[in-house]
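Asks: Please read through the structure below; I'll follow up with questions.
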Amino acid sequence: MLDATLQAWLHTQLFEQVPVSIAIIDRNFVIVEHNRNFEELFGPGRGKKCHTVYKKQAGSCDACMAALSFQDGKVRVNDELGVDRNGHPAHYLVHMIPIVTPQGDIPYIIEMSTDITEIKRLQREYQVLFEKVPCYIAVLNRDYRIVKANELMRETFGATTGQYCWEVFKRRADRCEECPAELAFADGQTHVCEQEGINKQGEKTHYVVHAAPLSRTEEAVTHVMEMAVDVTRIYQLEQEKLEAERLAAVGQTVAGLAHGIKNILTGLHGGMYIFKSGLDRGDQGRIQQGWQMLDRNIEKISTLTRNLLSFSKGRVPEIQMVRPSDIVREVVELYRDAARQQEVELRAEIDSQMAPAPFDPEGLHTCLANLVANAIDACQMSERPSCAVTVRCREENEVILLEVEDQGCGMDYDIKQKVFTNFFTTKGEGGTGIGLLLTRKIIQEHGGKLEVDSSPGKGSLFRMIFPRSRLPKPAPRPESPPDPEAHPSEAKRQG
Amino acid sequence: MEKTEKKRVLVVEDDEDVITYLSLWLSDQGFDVDVARDGNEATEKVKQRPPDLVTLDIVMPQKTGVKFYKEFKRDPRYAHIPVIIITGLQQEFKRFISHRRTAPPPEGYIAKPFSQEELLETIQRVLGEGAGQACGQKKGNCA
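Residue numbers (our numbering), protein chains in the order written: chain A, 1 to 495; chain B, 1001 to 1143.
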């Protein structure tokens, strides 16, 4: 009973209900029957030549697949572009199935067409997106060969398909040490990193690359898509900013030097006055005193000049494996008494678990000492009844952070930059104002940077940031293993 | 010449050469001079015998000139005593110290290296025309 019902349904309904367009054509390429779906897509077609219905053209098609199937009896599948009943282009995928009689004749072919116009449109959009997106896109296979690259990638790095990614991105002969694609292949996750490449003009290119795994199944990653944003301009701006900061530091140093020179000039004026007044009065004691003062201040300016020259030449950093926390402790101990005398509480918050890292211990000591001295001086200007300086040492995500925070004065940042640093770092053995410049220089030599956060009334936070990946390599010391307990020599306070 | 009591100047300064220069020059101008080498010593000297005028350096060890100045000007016993700041610092510092809410601006501000005329003029403006004329001169030195 059920079989009969089902058979009746198949006989009467299936042809109309299937969600594809079906047409049956005879050997003259005339449509002898079609279903409703066909009519909705291409319009009515019974008794008409197939090409007039599918493609709205008078003549037969150049490469007629149906003709071939009438000849050899084979099933064919083809991607066709036709015209729908409204005159719009229609992409359809057509299956051509010959109907073969027991005698072996082929009187008809059934053509079953699926409308893929929407899929084609999405493909075109995807293609435009892929080609025109303003970043580099390369699809890599498991051999790290580029199988597809977008327009900007081709324009920037030249012909790419089939080549190894390292050849194209970096003009290298072998694989890169740091490869985000390798990581994406391994764990199926997206990996991001910053890279330096060389474009087809041979210029350095900086880009941030996202390597995303591609796979058709849930299992193995077959390809990785590398999408890279060019940050060369940003990188250049960063470099220019660094240079501007360096120049600003030089400017501050010059201001500091001017202050030192003014003191010496005052001494020279004084020496002149005393010498001259001694001559006028015939006072040998005054003449002697004035002469000595002139002599002393000429010596001071000679020392200042020598120090400046030695700074401009610079000392060679001696890199060794040290625990930054040890150096922080040393500096805190060195300044504890000085701080107490000035009624400043000096605190240390040290992560003792930090692993040794390659530093020039003397250089790092100098940086910390300068910042701590400045912070103590800042407290002198504070409105608070009590004031504390906190030195912190910790590590976050392979980045070593050394901080000196004070609860110093309520000056705004501008004044602090212009006056405070010059002023309070200028005193001492001809080291006028060199402290700040030296601090920045040493930090830069370690691949790090110095950040300053200052808000009126709350104090200042100086943060030295040293990513481990950018620290210099320790000098080889074959005669003895690296000594994490090494103690740097004391650096003199420049404040 | 009518004998008048000499005005007393407290020179607060840590640079020995500047101390010698200022002391001799001020003496030559007819002032009594006392010296303090940092803010703490200056506080003590003021307690012992308040001066008629203070010349104050800013950068000093122990207690700086700024801290001394704030305490000095807040103390009603000494607030009336004029202070001339003598420092190598630039205009920014002058602005800074002039805008402090916790203390009034100093009576005088002289940048190093100072000229004797400028210093004498400032002193006379602060203490009155008669000051610094021990040698019968209005300006210049007695040397």
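C-beta: ideal position from N, C-alpha, C; glycine also. Source: prediction; values computed, not measured.
(1) Which residue marks the beginning of the beta strand (DSSP E) containing A/L140, and which one marks its end?
(2) Could you check whether the Cβ of B/Y1021 sits closer than 8 angstroms to any Cβ belonging to chain A?
(3) Would the beta-carbon of A/F359 fall within 8 angstroms of that of A/V391?
(4) Considering only residues of the same chain and omitting the five flanking positions on each side of A/T266, which have a CB-CB separation below 8 angstroms?
(5) Just to make sure I have the definition right: I need the residues of chain B whose C-beta is within less than 8 angstroms of the C-beta of A/N297. Which are they?
(6) Pairing CB atoms from the stretch 1027-1034 of chain B with CB atoms from the stretch 1064-1077 of chain B, are three or more of them under 8 angstroms?
(7) Give the residues of chain A in contact with B/T1064, contact being defined as C-beta atoms less than 7 angstroms apart.
(8) Quick one: list the residues of chain B neighbouring A/N199, beta-carbon separation under 8 angstroms, in chain order.
(9) Please tell me whether A/A348 and A/V372 are closer than 8 angstroms, where the distance is taken between their beta carbons.
(10) Compute the Euclidean distance between the alpha carbons of A/N297 and A/D230, then round it to the nearest angstrom.
(11) Please classify B/V1066 as buried or exposed, where buried requires at least 16 neighbouring CB atoms within 10 angstroms.
(12) Counting only Cβ-Cβ distances shorter than 9 angstroms, please list the residues of the stretch 1106-1133 of chain B near chain A, keeping chain order.
(13) Please list the terminal residues of the continuous alpha helix (DSSP H) segment that includes A/I465.
(14) Alpha carbon to alpha carbon, what distance is there between A/D26 and A/I99?
(15) List, in order along the chain, the chain B residues whose C-beta lies closer than 8 angstroms to that of A/G267?
(16) Nearest CA to the CA of B/E1044: which residue from B/D1017, B/M1060, B/D1057, B/L1010?
(17) Contact criterion: CB-CB distance below 8 angstroms. Does B/D1028 meet it with respect to chain A?
(18) Closer than 8 angstroms, CB to CB, is B/L1024 near chain A or not?
(19) Please report the straight-line C-alpha distance between A/I287 and A/N374, rounded to a whole angstrom.
(20) DSSP puts A/E405 in a beta bridge; with which residues?
(21) Name the one or two DSSP bridge partners that A/I146 has.
(22) Is A/M272 closer than 8 angstroms to B/T1020 when the C-beta atoms are compared?
(23) How would you call A/Q127, buried or exposed, if buried means at least 16 neighbouring beta carbons within 10 angstroms?
(24) Are A/R470 and A/A357 touching if we call contact CB-CB under 8 angstroms?
(25) Quick one: what's B/A1111 bridged to in DSSP?
(26) Using a Cβ cut-off of 8 angstroms (strictly closer), state whether B/K1067 contacts chain A.
(27) Using DSSP with H/G/I as helix, E/B as strand and the rest coil, what is A/T114?
(28) Find the residues of chain B that neighbour A/K262, judging by a C-beta separation of less than 7 angstroms, and give them in chain order.
(29) Just the Cα atoms here: how many angstroms apart are A/E345 and A/A339?
(30) Kindly list, in the order they appear in chain B, the residues whose Cβ is closer than 7 angstroms to that of A/G270.
(31) With B/T1055 as the anchor, note down where its beta strand (DSSP E) starts and where it stops.
(32) Please report how far the alpha carbon of A/G43 lies from the alpha carbon of A/N78, in whole angstroms.
Replies: In short:
(1) For the purposes of this step, residue 140 of chain A is taken as the residue at position 140 of the first sequence. For A/L140, the uninterrupted beta strand (DSSP E) segment begins and ends at 136-141.
(2) Here residue 1021 of chain B refers to the residue found at position 21 of the second sequence. At least one chain A Cβ lies under 8 angstroms of B/Y1021.
(3) Translated into the one-based positions of the first sequence, residue 359 of chain A becomes position 359. Translated into the one-based positions of the first sequence, residue 391 of chain A becomes position 391. Result no, Cβ atoms of A/F359 and A/V391 do not sit closer than 8 angstroms.
(4) The sequence position of residue 266 of chain A within the first sequence is 266, counting from 1. Within the same chain, A/T266 has no close Cβ partners at all.
(5) Within the first sequence, the letter at position 297 stands for residue 297 of chain A. What A/N297 touches in chain B: D1017.
(6) The stretch 1027-1034 of chain B vs the stretch 1064-1077 of chain B: no contact.
(7) Along the second sequence, read from residue 1 onward, the residue named residue 1064 of chain B stands at position 64. Per Cβ cutoff of 7 angstroms: Q380.
(8) Here residue 199 of chain A refers to the residue found at position 199 of the first sequence. What A/N199 touches in chain B: nothing, since even the nearest Cβ is about 47 angstroms away.
(9) On the first sequence, position 348 is the one that residue 348 of chain A refers to. On the first sequence, position 372 is the one that residue 372 of chain A refers to. Taking 8 angstroms as the Cβ cut-off, A/A348 and A/V372 do not qualify as a contacting pair.
(10) Here the question's residue 297 of chain A lines up with position 297 in the first sequence. Here the question's residue 230 of chain A lines up with position 230 in the first sequence. In a straight line, the C-alpha of A/N297 is about 56 angstroms away from that of A/D230.
(11) The residue given as residue 1066 of chain B occupies position 66 in the second sequence. Buried, since its Cβ has 16 or more Cβ neighbours within 10 Å.
(12) A1111, K1112, P1113, F1114, S1115, Q1116
(13) Counting from 1 along the first sequence, the entry for residue 465 of chain A is found at position 465. Not the alpha helix (DSSP H): A/I465 falls in the beta strand (DSSP E), residues 459-467.
(14) Taking the first residue of the first sequence as 1, we reach residue 99 of chain A at position 99. Taking the first residue of the first sequence as 1, we reach residue 26 of chain A at position 26. Taking the straight line joining both Cα atoms gives about 10 angstroms.
(15) Reading the first sequence from its first residue, position 267 is the one you call residue 267 of chain A. Residues of chain B passing the Cβ test: D1015, D1017, V1018, Y1021.
(16) As a working mapping, residue 1044 of chain B is identified with position 44 in the second sequence. Per the Cα distances, B/L1010.
(17) The residue you call residue 1028 of chain B lines up with position 28 of the second sequence. Taking Cβ atoms only, chain A reaches closer than 8 angstroms to B/D1028, which makes this a yes.
(18) For this step, residue 1024 of chain B is matched to residue 24 along the second sequence. Chain A contact via Cβ: present.
(19) By one-based count along the first sequence, residue 287 of chain A stands at place 287. By one-based count along the first sequence, residue 374 of chain A stands at place 374. Rounded to the nearest angstrom, the two C-alpha atoms are 40 angstroms apart.
(20) As a working mapping, residue 405 of chain A is identified with position 405 in the first sequence. Per DSSP, A/T390, A/L461.
(21) If you number the first sequence from 1, residue 146 of chain A lands on position 146. The bridge partners DSSP lists for A/I146 are A/L140.
(22) As a first step, residue 1020 of chain B is located in the second sequence; it is residue number 20 there, counting from the start. As a first step, residue 272 of chain A is located in the first sequence; it is residue number 272 there, counting from the start. Result no, Cβ atoms of B/T1020 and A/M272 do not sit closer than 8 angstroms.
(23) Residue 127 of chain A sits at position 127 when you count from the first residue of the first sequence. That one is exposed.
(24) Counting from one through the first sequence, the residue named residue 470 of chain A turns up at place 470. Counting from one through the first sequence, the residue named residue 357 of chain A turns up at place 357. No. Outside cutoff.
(25) Here residue 1111 of chain B refers to the residue found at position 111 of the second sequence. B/A1111 pairs with B/T1087.
(26) Residue 1067 of chain B sits at position 67 when you count from the first residue of the second sequence. By this cut-off, B/K1067 is an interface position.
(27) Sequence index remark: in the first sequence, residue 114 of chain A carries index 114 (1-based). Look at A/T114 here: in three-state DSSP terms it is strand.
(28) In the first sequence, residue 262 of chain A corresponds to position 262, counting from 1. What A/K262 touches in chain B, judged by beta-carbon distance under 7 angstroms, is G1088, K1112, P1113, going in chain order.
(29) As a first step, residue 345 of chain A is located in the first sequence; it is residue number 345 there, counting from the start. As a first step, residue 339 of chain A is located in the first sequence; it is residue number 339 there, counting from the start. Roughly 6 angstroms separates the two Cα atoms.
(30) Along the first sequence, read from residue 1 onward, the residue named residue 270 of chain A stands at position 270. Neighbours of A/G270 on chain B, chain order: D1017, V1018, T1020, Y1021.
(31) Start at 1 with the first residue of the second sequence, and residue 1055 of chain B comes out as number 55. It spans 1053-1056 - the beta strand (DSSP E) in which B/T1055 sits, taken as one unbroken run.
(32) For the purposes of this step, residue 43 of chain A is identified with residue 43 of the first sequence, where counting begins at 1. For the purposes of this step, residue 78 of chain A is identified with residue 78 of the first sequence, where counting begins at 1. In a straight line, the C-alpha of A/G43 is about 21 angstroms away from that of A/N78.
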